[in-house]
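Participant: Numbering (numbering that gives the first Met the number 0), first residue to last: 0 to 318. Cβ coordinates follow ideal geometry from the N, Cα and C atoms, glycine included. Remember, it's a predicted structure, so these values are computed and weren't measured experimentally.
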Amino acid sequence: MSELLRFENFSLTFKTLYGEVRALRNVSFSINTDEIVALVGETGCGKTVTGLSIVGLLPENARTSGKIFFKGTEVTPNTAKRMRGKEVAIIFQDPTSSLNPLYKIEQQLMDVLKNKQNVSQRELKSKVLELLKQVQLFDTDRVSRAYPHELSGGMRQRVMIAMALACEPSLLIADEPTTALDVTVQRQILYLIWELKQKKGFSVLFITHDLGIVSQLADRVIVMYAGSVVEMAPKRELFLNTMHPYTLGLLSCVLDPRRRKLPKPIPGSLPSLEQLTAGCAFYDRCGEALSMCQNHTPELIEVRPGHYVSCHRWREKCG
Ligand SMILES: Nc1ncnc2c1ncn2[C@@H]1O[C@H](COP(=O)(O)OP(=O)(O)OP(=O)(O)O)[C@@H](O)[C@H]1O
Ligand SMILES: [Mg+2]
């Protein structure tokens with residue numbers, strides 16, 4: 000495995016009428032070739048903007064510092080434009096917003112394919128059918144001639160995955176691609192992503208707040224809180240030797256139908272990203288905080304091989 004993507008001290012601020020929103024703060028992590036990395040955290044913690052930063056789709060009011068490298072080259076607005084839809088594909092929670100309601104599926108897939116290769120109309124059409132089969136939409140004639148609204152939510156997400164495959168990406172960013180689907184369809188789509196990744200060998204940045212999904216799909220997990228990485232480790236290591244109190248809180252929120260009691264929620268809510276001061280951002284909600292946590296921001300430290308945590312109390316948990 001070699002390094003595919005690297006964030007180096009990357010920060011992102013949005014300028015708004017009400018002040019500066021510090022959406023990402025000193026984010027550093029990498030994704031290797033041929034691995035599935037899950038990015039988890041509560042709503043508003045910065046998962047989507049992390050994905051958008053990679054493909055250069057940030058809104059006008061965004062200001063960034065630090066660097067992102069893809070295959071060793073720094074990502075700039077120009078390189079991001081070239082990579083998007085070729086080296087890197089992105090799929091979102093709501094496929095309807097990414098599909099054009101006015102065009103048939105066949106046309107939309109052909110447009111993506113045309114970007115990548117210069118082949119005849121006939122070849123394009125047969126490639127469309129091949130792609131639909133790859134995402135297990137076997138009624139290919141009907142699906143290719145359908146408009147997006149004529150398909151179910153699960154089918155539309157499969158079409159989005161087909162579009163991503165048409166790009167032959169090295170990295171697939173999947174931003175909560177199954178949140179809007181029912182549980183059985185969710186599992187089918189997850190399995191499809193996993194299977195295609197095995198076959199094609201691309202890497203996946205899987206954005207989710209569902210730790211159940213993480214436990215099944217991911218090789219490595221990055222936990223984000225208020226725009227910072229608070230813990231990062233290979234999946235097994237993270238679940239067996241959880242160190243950050245926030246990760247522990249997330250784990251105890253997972254619903255288990257065999258348990259009688261409802262899981263305990265993490266008290267409080269995410270701090271305002273406009274008013275973050277020095278100190279640990281999780282301080283107000285942490286049951287293990289020390290007085291130093293209020294004023295000193297903990298660094299992200301590698302505490303075991305491949306296991307990083309930003310918590311002043313890591314030594315006590317390392318055993
Ligand atoms: N264009 C913008 N202007 C100002 N603030 C923004 C803008 N886009 C995002 N933000 C803020 O950046 C922060 C991170 O947003 P982001 O969408 O990445 O969260 P998320 O972790 O993906 O949440 P969710 O789980 O709800 O999708 C949020 O506080 C959000 O309000
Ligand atoms: Mg999001």
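Is it buried or exposed for Arg259, if we count other Cβ within 10 angstroms and need 16 for buried?
Facilitator: In the sequence shown, counting from the first residue as 1, residue 259 sits at position 260. Result: exposed.
Participant: According to DSSP, which residues form a beta bridge with Lys66?
Facilitator: As a position in the sequence shown, residue 66 is number 67, starting the count at 1. Answer is Glu7.
Participant: Candidates Ile212, Thr15, Ile172 and Ala165: which alpha carbon is nearest Gln185's?
Facilitator: Taking the sequence shown and counting its residues from 1, the one referred to as residue 185 is at position 186. For Gln185, the nearest C-alpha among the options comes from Ile212.
Participant: Does the separation of the CB atoms of Ile188 and Gln156 fall below 7 Å?
Facilitator: On the sequence shown, residue 188 is found 189 positions in, with the first residue counted as 1. On the sequence shown, residue 156 is found 157 positions in, with the first residue counted as 1. Yes. Within cutoff.
Participant: What are the complete beta strand (DSSP E) segments, minimum 3 residues, inside the region 56-112?
Facilitator: DSSP runs (the beta strand (DSSP E)) wholly in the region 56-112: 61-69 and 87-90.
Participant: Return the Cβ separation of Leu191 and Val142 in integer angstroms, given the expectation that the two are a contact with Cβ distance under 8 Å.
Facilitator: Here the question's residue 191 lines up with position 192 in the sequence shown. Here the question's residue 142 lines up with position 143 in the sequence shown. Contact flag wrong, Cβ pair sits at about 15 Å.
Participant: Would you kindly report the start and end of the unbroken alpha helix (DSSP H) that includes Leu189?
Facilitator: Taking the first residue of the sequence shown as 1, we reach residue 189 at position 190. That run of the alpha helix (DSSP H) goes Val182 to Lys199.
Participant: Residue ranges of each alpha helix (DSSP H) run of no fewer than 4 residues wholly in the region 110-191, ordered along the chain?
Facilitator: Whole alpha helix (DSSP H) segments, 4+ residues: 120-133, 139-144 and 152-165.
Participant: May I ask you to check if the CB of Lys46 is nearer than 6 Å to at least one heavy atom of ligand 2?
Facilitator: On the sequence shown, position 47 is the one that residue 46 refers to. Yes, since a heavy atom of ligand 2 falls inside the 6 Å radius drawn around the Cβ of Lys46.
Participant: Whose CA, out of Thr32, Ile67, Leu112 and Trp313, lies closest to the CA of Lys85?
Facilitator: In the sequence shown, counting from the first residue as 1, residue 85 sits at position 86. Minimum Cα distance to Lys85 is reached at Leu112.
Participant: Judging by CA-CA distance, which residue of Arg121, Ser119 and Arg144 is the nearest neighbour of Leu131?
Facilitator: What you label residue 131 is simply residue 132 of the sequence shown in a count that begins at 1. Per the Cα distances, Arg144.
Participant: Taking C-alpha atoms, which residue in Ala217, Leu164, Leu180 and Ser290 lies nearest to Lys198?
Facilitator: For the purposes of this step, residue 198 is taken as residue 199 along the sequence shown, with counting starting at 1. Lys198 has its Cα closest to that of Leu164, out of Ala217, Leu164, Leu180 and Ser290.
Participant: DSSP on Leu23, reduced to helix/strand/coil?
Facilitator: Position 24 of the sequence shown, counted from the start, is the residue given in the question as residue 23. Strand, per DSSP.
Participant: How many Å lie between Val229 and Leu216 at the Cα?
Facilitator: Within the sequence shown, the letter at position 230 stands for residue 229. Within the sequence shown, the letter at position 217 stands for residue 216. Cα to Cα, the separation comes out at about 21 Å.
Participant: Is Ala22 near ligand 4, going by C-beta to nearest heavy atom under 6 Å?
Facilitator: In terms of ligand content, the structure shown lacks ligand 4 and carries ligand 1 and ligand 2 instead.
Participant: By how many angstroms is the C-alpha of Gly318 removed from the C-alpha of Phe205?
Facilitator: Residue numbering aside, residue 205 sits at position 206 when the sequence shown is read from its first letter. Residue numbering aside, residue 318 sits at position 319 when the sequence shown is read from its first letter. The alpha-carbon atoms of Phe205 and Gly318 are separated by roughly 31 Å.
Participant: Do Ser338 and Ser64 have their C-beta atoms closer together than 7 Å?
Facilitator: Past the edges of the chain, shown from 0 to 318, lies residue 338, and the structure says nothing about it.
Participant: When the distance is taken between beta carbons, is Phe68 closer than 7 Å to Asp174?
Facilitator: Position 175 of the sequence shown holds residue 174. Position 69 of the sequence shown holds residue 68. Cβ distance not < 7 Å, so Asp174 and Phe68 don't count as in contact.
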